[in-house]
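S.K.: The listed protein sequences derive, respectively, from chains D and Y.
Under this note's numbering, read the first sequence as residues 10 to 389, first letter to last.
Under this note's numbering, read the second sequence as residues 482 to 990, first letter to last.
Think of the CB as a built atom: it goes at the ideal place given N, C-alpha and C, for glycine as much as any other residue.
All values derive from a computational prediction rather than experimental measurement.
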Amino acid sequence: MSHLALQQYWWIIISLLGSLLVFLMFVQGGQTLVSQLAKTSTERKILFNSIGRRWDITFTTLVTFGGAFFASFPLFYSTSFGGAYWVWMLILFSFIIQAVSYEYRTKPENFLGEKTYNTFLFINGLVATVLIGIAVGTFFTGSDFSVDKLRLTESGNNVISQWKGPAHGLEAALNLTNLSLGLVIFLLSRILGSLYFINNIDNKALVHRASHLLKFCSIAFLVFFLLFTGLILTREGFAVNPETQEVYMEKFKYFHNLIQMPVILVIFLLGVVGVLAGIYMGAFKKSGKGIWYAGAGTILTVFSIFLLAGFNNTAFYPSTYDLQSSLTIQNASSGKYTLTVMSYVSLLVPFVIAYIWYSWKSLNKKKINEKDINNDDMAY
Amino acid sequence: MEAFDMSLVNWSRAQFALTAIYHWIFVPLTLGLSFIIAFMHARYYKTGSEKWKNTTKFWMKLFGINFAIGVATGIILEFEFGTNWSNYSWFVGDIFGAPLAIEGIMAFFLESTFIAVMFFGWNRVSKKFHMLSSWFVAFGSNLSALWILVANAWMQNPVGMRFNPDTARNEMVNFAEVLFSPTAIYKFLHTISNGYVVASLFVIGISAWFILKGRHLEFAKRSISIAAVFGLLSSIFVVITGDSSAHDVAQTQPMKFAAMEGIYEGGEGVGLTTIGMLTPGKTYENNKNDFVFALKAPKMLSYLANRNSNSFVPGINDLVDGNKNHDIVPISERMEFGKLAINAFKEYNNSEDAEIKEGALKTLEENYQHFGYGYLPDKKSAIPNVPITFYSFHLMVGLGFFFIVLFGAFLFFSVKQKTESKRGWLKLAVWSIPLGFLASELGWVVAEVGRQPWTIQDILPTMVSTSHLSASSVQVTFWAFAALFTVLLIAEIKIMLHQIKSGPKNMEE
Numbered sequence: 010m011s012h013l014a015l016q017q018y019w020w021i022i023i024s025l026l027g028s029l030l031v032f033l034m035f036v037q038g039g040q041t042l043v044s045q046l047a048k049t050s051t052e053r054k055i056l057f058n059s060i061g062r063r064w065d066i067t068f069t070t071l072v073t074f075g076g077a078f079f080a081s082f083p084l085f086y087s088t089s090f091g092g093a094y095w096v097w098m099l100i101l102f103s104f105i106i107q108a109v110s111y112e113y114r115t116k117p118e119n120f121l122g123e124k125t126y127n128t129f130l131f132i133n134g135l136v137a138t139v140l141i142g143i144a145v146g147t148f149f150t151g152s153d154f155s156v157d158k159l160r161l162t163e164s165g166n167n168v169i170s171q172w173k174g175p176a177h178g179l180e181a182a183l184n185l186t187n188l189s190l191g192l193v194i195f196l197l198s199r200i201l202g203s204l205y206f207i208n209n210i211d212n213k214a215l216v217h218r219a220s221h222l223l224k225f226c227s228i229a230f231l232v233f234f235l236l237f238t239g240l241i242l243t244r245e246g247f248a249v250n251p252e253t254q255e256v257y258m259e260k261f262k263y264f265h266n267l268i269q270m271p272v273i274l275v276i277f278l279l280g281v282v283g284v285l286a287g288i289y290m291g292a293f294k295k296s297g298k299g300i301w302y303a304g305a306g307t308i309l310t311v312f313s314i315f316l317l318a319g320f321n322n323t324a325f326y327p328s329t330y331d332l333q334s335s336l337t338i339q340n341a342s343s344g345k346y347t348l349t350v351m352s353y354v355s356l357l358v359p360f361v362i363a364y365i366w367y368s369w370k371s372l373n374k375k376k377i378n379e380k381d382i383n384n385d386d387m388a389y
Numbered sequence: 482m483e484a485f486d487m488s489l490v491n492w493s494r495a496q497f498a499l500t501a502i503y504h505w506i507f508v509p510l511t512l513g514l515s516f517i518i519a520f521m522h523a524r525y526y527k528t529g530s531e532k533w534k535n536t537t538k539f540w541m542k543l544f545g546i547n548f549a550i551g552v553a554t555g556i557i558l559e560f561e562f563g564t565n566w567s568n569y570s571w572f573v574g575d576i577f578g579a580p581l582a583i584e585g586i587m588a589f590f591l592e593s594t595f596i597a598v599m600f601f602g603w604n605r606v607s608k609k610f611h612m613l614s615s616w617f618v619a620f621g622s623n624l625s626a627l628w629i630l631v632a633n634a635w636m637q638n639p640v641g642m643r644f645n646p647d648t649a650r651n652e653m654v655n656f657a658e659v660l661f662s663p664t665a666i667y668k669f670l671h672t673i674s675n676g677y678v679v680a681s682l683f684v685i686g687i688s689a690w691f692i693l694k695g696r697h698l699e700f701a702k703r704s705i706s707i708a709a710v711f712g713l714l715s716s717i718f719v720v721i722t723g724d725s726s727a728h729d730v731a732q733t734q735p736m737k738f739a740a741m742e743g744i745y746e747g748g749e750g751v752g753l754t755t756i757g758m759l760t761p762g763k764t765y766e767n768n769k770n771d772f773v774f775a776l777k778a779p780k781m782l783s784y785l786a787n788r789n790s791n792s793f794v795p796g797i798n799d800l801v802d803g804n805k806n807h808d809i810v811p812i813s814e815r816m817e818f819g820k821l822a823i824n825a826f827k828e829y830n831n832s833e834d835a836e837i838k839e840g841a842l843k844t845l846e847e848n849y850q851h852f853g854y855g856y857l858p859d860k861k862s863a864i865p866n867v868p869i870t871f872y873s874f875h876l877m878v879g880l881g882f883f884f885i886v887l888f889g890a891f892l893f894f895s896v897k898q899k900t901e902s903k904r905g906w907l908k909l910a911v912w913s914i915p916l917g918f919l920a921s922e923l924g925w926v927v928a929e930v931g932r933q934p935w936t937i938q939d940i941l942p943t944m945v946s947t948s949h950l951s952a953s954s955v956q957v958t959f960w961a962f963a964a965l966f967t968v969l970l971i972a973e974i975k976i977m978l979h980q981i982k983s984g985p986k987n988m989e990e
């Protein structure tokens, strides 16, 4: 494959991992729902054990997303993580406190008390979803950084990629487009969390409350989703001249992308329909199938949004400080050799998905109920 | 040249050291305990005995408590390369990112998927699938160690790459060289077998405590019988791979090797220090003796370094000032070559003239092996901290040999069925639990302090690797990590102690 084909292939893989991550953040959404859904400590236990068997898949997907981004587009890794320092640090801290909370929350002598661990899980659900949304929002709105490889030849100030603002990423939260995407991801994760509970839990009261709460989340979600979609489709975008690699502003760039790449338009629309169908099934039919429709819909929609940001001669990580410092899938990627090696490794992915699916199925044969949790001495 | 922001560099290093040291408290136990659990689970599968089932479950519970905090402290390490070492990620991301991504795809999913089955599979999945899940967890965790150690080994001994002046980064040209580098192989084998030793000490120590308290004697002896065999084999393997690793260091990082042994003046037929004390205040710049006292095994250092007991081993002075007889280029000259390379890189990029470009490229390629030296402020800065490296190394080695004796003794007692009566040894075993963790951390101190000032050996110094941040930002995150990880560690230890004291469930014996 040519270098460009490999770069496109890897942008597709990154987009796929990103969309899987957003789907799997039903765990985070679930964590923010527990305090609203549970009225007794047993109910809380059922809810936490339901998503608790899945939390590490989400976590692992995040880590793999980071690793794959590093391997395939190392200049993004270097620029965004080192630049938007505070955003990424807050996201990471929220995952650090998540990782111990399931295992430790009900163990005797757990030092901080069950309430603290439950709060940790809530914080993770809120912070991670909102900030990841805001960070991805900057793919469309840009950030203030400059890239100059010749800084390497200087002595004192030799970091190639430098962030220009003092807020190191937090400034992104003040942008309406970024913020609306943050809220979209947060609300979507709550929708998916409710649908997962409806699917996974054998407890009428909890399912009823989840289905009720789902309706409110969905209305708020639709408002912000339409706002975000409207904002990016009408804004100027960061276009790349394929001949010279020069970056310039183009009016309605992302709208043009959608029209010029009809396949992505179809994926996007299918995804939105899937999410809406899933919401309908969960909210009005209390059907356990809702998670599959909304989950597949989420994957398709997020996938198409990532492709919109990187394909069709678009800079996926634009710099508003210096347009020509913007990162494109061509100038930010690994070399041809590395991408080829990694492409062979990527052939393992279907195999990985297959065994995750198999083990998931074999554990979820039965829905979770009170008896189940009380008889399990490994329960969280 | 204007000065580097050394405060930023040192806080970034401190943060990496802090997070890595915390993470490494939990990883070796995961590496080893996962296999011990898999052995036990296989015994249960074969015998169908409730005793083995409950034994497996007890250790599994401790495994879970340890694993959770290992995951919590691990996520930051992956992202820290970007957040705090932006220039490093730029400069070598083309090579360094690959093993991290492969680790995620090949190992982390295996580990996390089957951990869920391992914990929640009782009565939910078939017994065979459940038992196999325990084995997948063990393979997954050890496989993740492979990839991260390949990445670390590449920093210590960069192979299979070429510098591309158009992109200002090193690019991979040979994946097999990166993966099968001897540095990577020895580092992997040494590190995982050390994990098995830590876990065996953990299992024997806790079992010994039960015997001392007169509780769960059969359970404890059953656990010791497995851990003593596993521990003895692993601790012997640790010594063998440690020897190979040290030999590899002598070949690829002679300065680290000299610091590990605290030798300033090199020579032929050099002895290996078994016990020794460095002269306080001894530096490259004075003529004090290397040691206050040292007990040396004659000629063994030369043998270790070059597999020839009469061979020459360079000391720190030889490496700094050069040694014509042994073709060692002085650091001051390497600094000049490094500056030539850096300037050639600049000229190559600034010039439009094809001829000038070609000349610059040639100069760059000829001097690239010295590239990092061009950034050093003076020749002294090429020397790592000798006392920390020396004492960490010797304490680690001493503990390693002690563990062999301990495992050998327990295996002997186990076979002779005399474990219960050896109260002195049992107490020693309890106290040896922290020693296993200590030896393991010391190994990393040797590897990482000893390779300073380099993030990439000879190519990129630590001070050119950071992100563009203020030192105060890194201070804030440093203290946040220190506070959070300490709180979580206290919680982990308290939970662990409580679970241990409660003992295995459903067992009267």
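Three or more C-beta pairs under 8 Å: does that hold for the stretch 138-152 of chain D against the stretch 315-327 of chain D?
M.R.: yes
S.K.: Among L857(Y), N645(Y), D575(Y), I756(Y), which residue has its Cα nearest to the Cα of T349(D)?
M.R.: Position 340 of the first sequence, counted from the start, is the residue given in the question as residue 349(D). Checked all of L857(Y), N645(Y), D575(Y), I756(Y); the closest Cα to T349(D) is D575(Y).
S.K.: Could I get the ranges of all uninterrupted alpha helix (DSSP H) runs contained in the stretch 291-340 of chain D, with 4 residues as the minimum, in chain order?
M.R.: 299-319
S.K.: What are the residues that DSSP puts in a beta bridge with E652(Y)?
M.R.: The residue you call residue 652(Y) lines up with position 171 of the second sequence. In DSSP, E652(Y) forms a bridge with R643(Y).
S.K.: Quick one: list the residues of chain D neighbouring D575(Y), beta-carbon separation under 7 Å, in chain order.
M.R.: As a working note, residue 575(Y) is residue 94 in the second sequence. Chain D residues near D575(Y): P83, S343, G344, T347.
S.K.: Looking at chain Y, which residues of the stretch 159-171 of chain D have a Cβ within less than 7 Å of any of its Cβ atoms?
M.R.: L159, L161, T162, S164, G165, N167, V168, I169, S170, Q171
S.K.: Taking 8 Å as the cut-off, does the stretch 47-54 of chain D touch the stretch 19-33 of chain D (at least 3 CB pairs, one atom from each stretch)?
M.R.: no
S.K.: Could you tell me which residues DSSP pairs with W635(Y) in its beta bridges?
M.R.: Taking the first residue of the second sequence as position 1, residue 635(Y) is located at position 154. According to DSSP, W635(Y) bridges with nothing at all.
S.K.: Suppose contacts are defined by Cβ-Cβ distances below 8 Å. Is P646(Y) in contact with L842(Y) by that definition?
M.R.: Here residue 646(Y) refers to the residue found at position 165 when the second sequence is read from its first residue. Here residue 842(Y) refers to the residue found at position 361 when the second sequence is read from its first residue. Yes, the pair counts as a contact, with Cβ atoms nearer than the cut-off.
S.K.: Go through its chain and collect everything with a Cβ distance to A825(Y)'s Cβ below 6 Å, but skip five positions before and after it.
M.R.: Position 344 of the second sequence, counted from the start, is the residue given in the question as residue 825(Y). A841, T844, L845.
S.K.: Using the beta-carbon count (16 or more within 10 Å), is A632(Y) buried or exposed?
M.R.: Looking up residue 632(Y) in the second sequence gives position 151. Counting Cβ neighbours within 10 Å, A632(Y) comes out buried, since at least 16 surround it.
S.K.: Which residue comes first and which comes last in the beta strand (DSSP E) that contains T754(Y)?
M.R.: On the second sequence, residue 754(Y) is found 273 positions in, with the first residue counted as 1. In this chain, the beta strand (DSSP E) harbouring T754(Y) covers 753-759.
S.K.: Taking the alpha-carbon of F485(Y) as reference, which of V968(Y), A952(Y), K805(Y) has the nearest alpha-carbon?
M.R.: Here residue 485(Y) refers to the residue found at position 4 when the second sequence is read from its first residue. Considering only alpha carbons, the answer is A952(Y).
S.K.: Give a yes or no on whether 8 Å exceeds the smallest Cβ distance from L357(D) to chain Y.
M.R.: Reading the first sequence from its first residue, position 348 is the one you call residue 357(D). For L357(D), the answer is yes, since a Cβ of chain Y falls inside 8 Å of its Cβ.
S.K.: Which term fits V275(D), buried or exposed, when burial requires 16 or more other beta carbons within 10 angstroms of its beta carbon?
M.R.: In the first sequence, residue 275(D) corresponds to position 266, counting from 1. V275(D) should be labelled exposed.
S.K.: Check each candidate in E652(Y), H697(Y), A597(Y) and name the one with the smallest Cα separation from E112(D).
M.R.: Taking the first sequence and counting its residues from 1, one reaches residue 112(D) at position 103. Ranking E652(Y), H697(Y), A597(Y) by Cα distance to E112(D) puts A597(Y) first.
S.K.: Would you call the stretch 678-685 of chain Y and the stretch 909-918 of chain Y touching, i.e. three or more CB-CB distances under 8 Å?
M.R.: yes
S.K.: Taking C-alpha atoms, which residue in I377(D), F233(D), F85(D), T41(D) lies nearest to S335(D)?
M.R.: Here residue 335(D) refers to the residue found at position 326 of the first sequence. Closest option to S335(D), Cα to Cα, is F85(D).
S.K.: For L693(Y), I'd like the list of residues in its chain whose CB is within less than 6 Å of its CB, leaving aside the five on either flank, ordered along the chain.
M.R.: The residue labelled residue 693(Y) in the question sits at position 212 within the second sequence. Hits under 6 Å: L907.
S.K.: What first and last residue would you give for the alpha helix (DSSP H) that runs through E561(Y)?
M.R.: Residue mapping note: residue 561(Y) aligns to position 80 of the second sequence, counting from 1. Element bounds for E561(Y): 531-564.
S.K.: Check each candidate in L965(Y), Y849(Y), L978(Y), N675(Y) and name the one with the smallest Cα separation from S921(Y).
M.R.: Within the second sequence, the letter at position 440 stands for residue 921(Y). If we check each option's Cα against that of S921(Y), N675(Y) comes out closest.
S.K.: Looking at the structure shown, is V1019(Y) part of a helix, part of a strand, or coil, going by DSSP?
M.R.: Residue 1019(Y) is absent from the model: chain Y starts at 482 and stops at 990.
S.K.: Restricting to Cα atoms, I'd like to know which of T67(D), V156(D), A80(D) is closest to A108(D).
M.R.: The residue you call residue 108(D) lines up with position 99 of the first sequence. Comparing C-alpha distances from A108(D) to each of T67(D), V156(D), A80(D) shows the shortest one belongs to T67(D).
S.K.: Just to check my reading of the structure: Q254(D) and Q339(D) have Cβ atoms closer than 8 Å, yes? What is that Cβ distance to the nearest angstrom?
M.R.: Against the first sequence, residue 254(D) aligns to sequence position 245. Against the first sequence, residue 339(D) aligns to sequence position 330. With 8 Å as the limit, Q254(D) and Q339(D) qualify as a contact, their Cβ atoms being about 7 Å apart.
S.K.: Within the continuous alpha helix (DSSP H) that includes V361(D), where are the two ends?
M.R.: The residue labelled residue 361(D) in the question sits at position 352 within the first sequence. Note, V361(D): alpha helix (DSSP H), 358-372.
S.K.: Bridge partners of L257(D), per DSSP?
M.R.: Within the first sequence, residue 257(D) is the residue found at index 248, counting from 1. One point to set straight first is that residue 257(D) is Tyr, not Leu, in the sequence displayed. Bridge partners of Y257(D): A248(D).
S.K.: Kindly say whether F225(D), judged by its beta-carbon, lies nearer than 8 Å to any beta-carbon of chain Y.
M.R.: Locating residue 225(D) in the first sequence gives position 216, counting from the first residue. Not an interface residue.
S.K.: List, in chain order, every chain Y residue whose beta-carbon is nearer than 7 Å to that of D386(D).
M.R.: Residue numbering aside, residue 386(D) sits at position 377 when the first sequence is read from its first letter. Near D386(D) (Cβ distances below 7 Å), the residues of chain Y are K986.
S.K.: What span of residues does the alpha helix (DSSP H) with F738(Y) cover, start to end?
M.R.: Translated into the one-based positions of the second sequence, residue 738(Y) becomes position 257. Counting along the chain, the alpha helix (DSSP H) containing F738(Y) begins and ends at 735-742.
S.K.: Quick check on V773(Y): buried or exposed, where buried means 16 or more other Cβ atoms within 10 Å of its Cβ?
M.R.: One-based indexing of the second sequence puts residue 773(Y) at position 292. V773(Y) comes out exposed.
S.K.: Are the CB atoms of G178(D) and A93(D) nearer to each other than 8 Å?
M.R.: In the first sequence, residue 178(D) corresponds to position 169, counting from 1. In the first sequence, residue 93(D) corresponds to position 84, counting from 1. Contact: yes.
S.K.: Could you pull out every unbroken alpha helix (DSSP H) segment of at least 4 residues lying fully inside the stretch 575-630 of chain Y, listed in chain order?
M.R.: Every alpha helix (DSSP H) of 4 residues or more that sits fully in the stretch 575-630 of chain Y is shown, in chain order, as 590-601.
S.K.: M614(Y) and M599(Y): beta carbons closer than 8 Å?
M.R.: The residue you call residue 614(Y) lines up with position 133 of the second sequence. The residue you call residue 599(Y) lines up with position 118 of the second sequence. For the sequence presented, residue 614(Y) should be read as Ser rather than Met. Yes, they are a contact pair.
S.K.: At a CB-CB cut-off below 8 Å, which residues of chain Y make contact with D65(D)?
M.R.: For this step, residue 65(D) is matched to residue 56 along the first sequence. V552, S593, I596, A597, listed in chain order.
S.K.: Report back the beta-carbon spacing between T70(D) and L135(D) to the nearest angstrom; my notes put them in contact at under 8 Å.
M.R.: Start at 1 with the first residue of the first sequence, and residue 70(D) comes out as number 61. Start at 1 with the first residue of the first sequence, and residue 135(D) comes out as number 126. Contact doesn't hold; Cβ gap of about 19 Å is too wide.
S.K.: So which of S625(Y), E592(Y), I673(Y), G585(Y) has the shortest CA-CA distance to P509(Y)?
M.R.: Taking the second sequence and counting its residues from 1, the one referred to as residue 509(Y) is at position 28. Ranked by Cα distance from P509(Y), the options S625(Y), E592(Y), I673(Y), G585(Y) are led by I673(Y).
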